[in-house]
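**Student:** For the sequence shown, position 10 matches number 10 in the working numbering, and the numbering has no gaps at all. For glycine and all other residues, C-beta sits at the position ideal for the given N, C-alpha and C. Take this structure, written in structure tokens, and hold onto it; I'll ask about it next.
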Amino acid sequence: MTLLADRHGRRFPYLRLSVTPACNFRCSYCLPHGYRVEAGTAGPLSLDEIARLLRGFAGLGMHKLRLTGGEPSVRRDLGDVLRVATVSGVTKLAMTTNGTLLSKRLHGWMDAGLNAINVSVDSLDRALFARITGHDRLADILHGVDMALEAGLPTKLNAVLLRDVNDRQLPAWLDYLRDHAVGVRFIELMQTGDNLDFFRRHHVRAAALEDHLRGSGWQALPRAPDAGPAREYAHPGYAGRIGIIAPYSRDFCAGCNRLRVTATGDLRLCLFGEFGIPLRRHLQRDDQLDDLLQAIGGQIGRKEQGHFLHQGRTGITPHLAATGG
Ligand code: SAM
Ligand code: SF4
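If you want it as structure tokens, here you go:
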């Protein structure tokens, strides 16, 4: 097996695949006006195309796959997508979801092979959650999270930190984490092509939050060799953990171990890259595997050492729903 590596010595065992650009939420930092179909856009990859894509990536050393979107659960054949992903040699099969179908579909998804989940919960306050996402669904989503924990599914929550919106909610999170064995990740808001005004108003660094945690007994955990970009903290008085994802911090990209493929089959070497590499034409027949491997392997050298977000260069990503955040 040829393992993918770039010219900066990084390897890529982790693929994030967007299975649809569509979403049923209107998060203020992502799709504030909801999802709109753009005329002339190709549909998402079919099951057969996904199966061929994953066979290719598995042949290049990928063993962790995250399904994302848009909202993956709006895809009606999501169970089949999970089943296809399971047979391709993937050992960790995760999904990032807004959780709207979690309580209804959890067991079906687990039966189909899902073995880890991230649920986006930007606030534990019902009204604030509804204000951020456009939907008053917090209680049902948290019920789904409880079900996932009871079922033993490794579960993390994602909360995007927004200045003057949800950045003073740590006490509520600490109450929750006391007896919920879940990791919450506070993610710094990232600028994308569409959200510049919002970003200027609401971007806040996680440094103050992190200082507060360190000063109140939370201990930084040693980084696992294959860990993602989160800095993780634990505290003996809490069942849950806290992670900080700070894309504007130094060295954020040094440990990058992931590639992305959009719902229409474009390989993205970086979430904020300037180009996509179309793979779909290599996914039409089973005998195109070599072409696919060459298309991926031949382009990996173009991966930049880091993103250019500090200079306000967001690449071709209008919002993360388009690329698969
Ligand atoms: N719809 C699913 C969800 O919300 O979990 C999956 C797709 S969403 C694009 C993936 C993650 O990206 C979510 O946790 C979301 O909060 C986060 N996200 C979206 N836009 C972001 C931004 N501009 N900055 C930081 N995180 C963002
Ligand atoms: Fe939809 Fe996720 Fe974007 Fe919210 S963050 S609008 S749930 S894709």
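Helix, strand or coil: which one does DSSP assign to R302?
**Tutor:** The answer is helix: DSSP assigns R302 an H, G or I state.
**Student:** Can you list, in chain order, the residues of its chain with a C-beta nearer than 6 Å to that of G144? Leave out the 5 residues immediately preceding and following it.
**Tutor:** So the qualifying residues of the chain are G99, L102 and S103.
**Student:** On a Cα-Cα basis, can you pick out the residue from F25, S123 and L142 that is closest to F186?
**Tutor:** Of the listed residues, the one whose Cα sits closest to F186 is S123.
**Student:** Per DSSP, what are the beta-bridge partners of S18 in this structure?
**Tutor:** DSSP output for S18 lists T68 as bridge partner(s).
**Student:** For T262, which residues from the same chain have a beta carbon less than 8 Å from its beta carbon, with the 5 sequence-adjacent residues on both sides left out?
**Tutor:** Cβ neighbours of T262 beyond the five flanking positions: S18, P21, R268, G276, A322, T323 and G324.
**Student:** Suppose you measure from the CA of H212 to the CA of G265; what does that come to, to the nearest Å?
**Tutor:** Answer to the nearest angstrom: the Cα atoms are 42 Å apart.
**Student:** Based on the DSSP secondary-structure assignment, which residues constitute the bridge partners of M95?
**Tutor:** Paired residue(s): L67 and I117.
**Student:** In whole angstroms, give me the CA-to-CA distance for A5 and F12.
**Tutor:** The straight-line gap from Cα to Cα measures roughly 7 Å.
**Student:** Curious, which full-length beta strand (DSSP E) runs of at least 3 residues does the region 152-202 contain?
**Tutor:** Taking only runs of at least 3 residues, the beta strand (DSSP E) segments lying wholly in the region 152-202 are 155-161 and 183-188.
**Student:** For the structure I just gave you, are there three or more beta carbon pairs, one from the region 197-217 and one from the region 161-168, closer than 8 Å?
**Tutor:** Yes, the region 197-217 is in contact with the region 161-168.
**Student:** In chain order, what residues of the same chain lie with their CB nearer than 7 Å to the CB of P32, ignoring the 5 residues before and after it?
**Tutor:** Excluding sequence neighbours, P32 sits near R26.
**Student:** Compute every distance between the C-beta of G89 and the non-hydrogen atoms of the ligand SF4, then say whether any falls below 8 Å.
**Tutor:** No; taking the cut-off as 8 Å, the Cβ of G89 has no heavy atom of the ligand SF4 nearer than that.
**Student:** Would you give the residue range spanned by the beta strand (DSSP E) that R241 belongs to?
**Tutor:** Element bounds for R241: R241 to I245.
**Student:** Hey, quick one: how far does the beta strand (DSSP E) through R260 stretch, first residue to last?
**Tutor:** First-last of the beta strand (DSSP E) with R260: R258 to V261.
**Student:** Beta-carbon within less than 7 Å of S28's beta-carbon, same chain only, minus the 5 sequence neighbours each way: which residues are those?
**Tutor:** Contacts found: I132 and F198.
**Student:** Is the CB-CB distance between A206 and I245 below 9 Å?
**Tutor:** In this structure, I245 lies closer than 9 Å to A206 by Cβ.
**Student:** Look at the alpha carbon of R302 and the alpha carbon of E274, and state the distance between them as a whole number of angstroms.
**Tutor:** If you take the alpha carbons of R302 and E274, they lie about 11 Å apart.
**Student:** Just mark V90 as buried or exposed, buried being the case when its beta carbon has 16 or more other beta carbons within 10 Å.
**Tutor:** By the 10 Å Cβ count, V90 comes out buried.
**Student:** For the candidate residues H235, C253 and P236, whose alpha-carbon lies nearest to that of G228?
**Tutor:** The candidate whose alpha carbon is nearest that of G228 is C253.
**Student:** How should V37 be labelled, buried or exposed, when 16 other C-beta atoms within 10 angstroms of its C-beta is the threshold for buried?
**Tutor:** It counts as exposed.
**Student:** Taking just the CA atoms, how far does C23 sit from G34?
**Tutor:** For G34 and C23, the distance between alpha carbons rounds to 7 Å.
**Student:** Check whether the Cβ of A36 sits closer than 8 Å to any heavy atom of the ligand SF4, and report yes or no.
**Tutor:** The sequence shown places Arg at residue 36, not Ala. No, the Cβ of R36 stays beyond 8 Å of every heavy atom of the ligand SF4.
**Student:** If G237 and G183 are in contact, beta carbons under 8 Å, what's the gap, nearest whole angstrom?
**Tutor:** So it is not a contact: roughly 16 Å between Cβ atoms.
**Student:** Determine, using beta carbons only, whether H282 and R55 come nearer to each other than 9 Å.
**Tutor:** Cβ atoms of H282 and R55: not closer than 9 Å.
**Student:** Is it the case that the Cβ atoms of L65 and R105 are separated by a distance below 9 Å?
**Tutor:** Not a contact, by the Cβ cut-off of 9 Å.
**Student:** Looking only at its chain, what residues have a beta carbon closer than 7 Å to the beta carbon of R260, apart from the 5 residues adjacent to it on each side?
**Tutor:** If we look at R260 and ignore the five residues flanking it on each side, its Cβ neighbours are R16, R268, L271, T323 and G324.
**Student:** If you run the structure through DSSP and keep just helix, strand and coil, what is Q219?
**Tutor:** Three-state DSSP puts Q219 in a strand.
**Student:** So which of H319, R83 and D48 has the shortest CA-CA distance to G288?
**Tutor:** Looking at the sequence shown, residue 288 is not Gly but Gln. Comparing Cα-Cα distances from Q288 to each of H319, R83 and D48, the minimum goes to D48.
**Student:** Which of helix, strand or coil does DSSP assign to E232?
**Tutor:** Of the three classes helix, strand and coil, the one that applies to E232 here is strand, per DSSP.
**Student:** When you compare only the Cα positions, how much space is there between M95 and A85?
**Tutor:** Answer to the nearest angstrom: the Cα atoms are 11 Å apart.
**Student:** Flag D122 as yes when its Cβ comes closer than 8 Å to any non-hydrogen atom of the ligand SAM, and as no otherwise.
**Tutor:** Yes, the beta carbon of D122 sits closer than 8 Å to at least one heavy atom of the ligand SAM.
**Student:** With D266 as the anchor, note down where its beta strand (DSSP E) starts and where it stops.
**Tutor:** That run of the beta strand (DSSP E) goes D266 to R268.
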